[in-house]
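Peer 1: Heads up: the sequence shown is residues 242 to 527, going by my numbering.
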Amino acid sequence: MILRRRMDEDAVVGIVVTVLLIGLAVSVTVMVNTVYVPQWTEEQEASHMDQVSNQFVSFKQNVDLQAMLEQQTALSSWFTLGSKEIPILGSGRTFGRLTILEDNYNITIKSDNDESEIFNFVTGSLKFEAGNSYFVPQNYIYENGALILQQHDSNILIGKPTFFVTTYGQNISFTIIDLNSSIGKRTASGYGNAAVQTQVDDVKEYEISLVKNMTIHTEYPYSWIIALNSTLKQLDSGFSPDDYDITSTSQSVTLRFNENGNSPKYPTMNVKKVKIFTQIAPGWIE
């Protein structure tokens with residue numbers, strides 16, 4: 242009788258211990274998934290964004306070099322689309338998407354030399370969209386030589402385009418980069434590495450005298466205001482704040498040169514349009 246009672250008590254104790262261990266395991270699992278996994282994932286996503294930023298800087302350097310040398314030598318730039326899952330836990334994986342957007346951006350330059358003479362340049366861009374779960378959602382965009390970071394509804398310029406003054410208060414040089422691709426090689430999604438290959442396809446140069454205004458149609462007007470103004474406001478540019486105005490809408494930025502100022506009436510703009518054949522390894526990247 243006593244032996245049976247002890248066995249029953251031992252069984253009850255075993256059940257209680259088992260229940261407590263299960264409860265402890267569940268509590269630990271819940272704590273890890275609700276507290277530590279989000280923190281680890283956020284840190285991992287932040288590290289990935291730093292990596293993508295550096296990769297876009299390298300891409301810009303490659304394209305700028307190709308545009309300057311005008312040589313048809315193919316270069317490859319690698320991008321890490323996402324991050325893998327946290328070891329052991331098997332969670333926290335994020336995905337990204339890299340896309341070449343053709344003919345989504347254009348520049349219009351109007352000359353005072355001939356009211357009917359309007360130069361219109363249509364170009365493409367490269368965009369990376371990060372599928373972050375915990376870190377701030379970010380997009381990186383390479384648009385006509387400018388490198389732009391977008392967060393929510395705001396954007397900031399992190400790499401300037403090739404837009405500079407060549408002759409004090411008179412001549413401006415602007416290199417327009419047109420990323421052009423073939424069907425089926427414009428996008429890649431996943432979390433692995435994707436290669437973007439670029440090669441100079443065509444180069445054309447234009448000398449536009451007496452430039453009256455230039456309008457850039459873009460989804461990132463703030464970044465382009467910074468790009469244009471930071472060049473023209475330099476002390477060695479020869480342009481004073483009275484010589485030009487920069488206005489913007491939600492989809493465009495317009496640079497207007499004024500007649501009344503210290504500079505000549507309207508400057509000459511030397512435009513170099515470089516068509517870059519661009520392709521991405523297609524499909525889902527792992």
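Backbone N, C-alpha and C define an ideal beta-carbon position, used for all residues, glycine too.
1) So, for Ala436: in the same chain, excluding its five sequence neighbours on each side, which residues have a beta-carbon less than 6 Å away from its beta-carbon?
2) Return the chain-ordered list of same chain residues with a C-beta closer than 8 Å to the C-beta of Asn434, the five sequence neighbours on each side being excluded.
3) Determine whether the beta carbon atoms of Asp305 and Gly365 lie at a separation below 8 Å.
4) Can you give me the start and stop residues for the alpha helix (DSSP H) that Tyr383 sits inside?
5) Would you check if the distance between the CB atom of Phe336 and the CB atom of Tyr432 is smaller than 8 Å?
6) Identify whether Thr282 lies in helix, strand or coil by the three-state DSSP scheme.
7) Determine the burial state of Glu448: buried for a count of at least 16 other Cβ atoms within 10 Å of its Cβ, exposed for fewer.
8) Kindly indicate which three-state DSSP category His289 falls into: helix, strand or coil?
9) Output needed for Gln296: all residues of its chain with C-beta closer than 6 Å, excluding positions within five of it in sequence on either side, in chain order.
10) Quick check on this structure: which residue in Asp483, Asp486, Tyr381 and Thr314 has the alpha carbon closest to the alpha carbon of Arg338?
11) What residue range does the alpha helix (DSSP H) around Leu473 cover?
12) For the segment 341-352 against the segment 470-478, do three or more pairs of beta-carbon atoms, one drawn from each stretch, fall closer than 8 Å, so that the two count as touching?
13) Whose CA, out of Glu284, Asn454, Glu384 and Ser423, lies closest to the CA of Phe376?
14) Report all residues from its chain with a CB closer than 6 Å to the CB of Ala468; omit the five preceding and five following residues, and keep chain order.
15) Give the list of continuous beta strand (DSSP E) stretches no shorter than 3 residues that lie fully inside the segment 304-355.
16) What's the gap between the Cα of Gly372 and the Cα of Gln379?
17) Do you know whose CA, among Tyr463, Thr495 and Asp484, lies nearest Gln392's CA?
18) In the DSSP output, what is Arg497 paired with across the bridge?
19) Could you tell me how far apart the beta carbons of Val441 and Gln302 are, in whole angstroms, since I believe they sit closer than 8 Å?
20) Quick check: Thr416 and Val515, are their CB atoms within less than 8 Å of each other?
21) Select from Trp281, Arg334, Ser450 and Met455 the residue whose C-alpha is nearest the C-alpha of Pro508.
22) Starting from the C-beta of Ser395, find all residues in its chain whose C-beta is less than 8 Å away, skip the five residues before and the five after it, and write them out in chain order.
23) Going by the DSSP bridge assignment, what does Leu398 pair with across the sheet?
Peer 2: Put simply:
1) Ser317, Trp319 and Ala522
2) Trp319, Phe320, Thr321, Leu322 and Ile526
3) no
4) Where Tyr383 is concerned, there is no enclosing alpha helix (DSSP H), although the beta strand (DSSP E) it sits in stretches over Gln379 to Glu384.
5) yes
6) helix
7) exposed
8) helix
9) Phe320
10) Of the candidates Asp483, Asp486, Tyr381 and Thr314, the one whose C-alpha sits nearest the C-alpha of Arg338 is Tyr381.
11) Pro462 to Leu473 is the span of the alpha helix (DSSP H), which, as asked, contains Leu473.
12) In this structure the segment 341-352 does not touch the segment 470-478; the number of beta carbon pairs closer than 8 Å is below three.
13) The shortest C-alpha separation from Phe376 is found at Glu284.
14) Ala387, Leu398, Lys401 and Pro402
15) 316-321 and 337-352
16) 8 Å
17) Tyr463
18) In DSSP, Arg497 forms a bridge with Asn454 and Asp486.
19) So it is not a contact: roughly 15 Å between Cβ atoms.
20) yes
21) When only C-alpha atoms are compared, the closest one is Ser450.
22) Tyr463
23) Ile389
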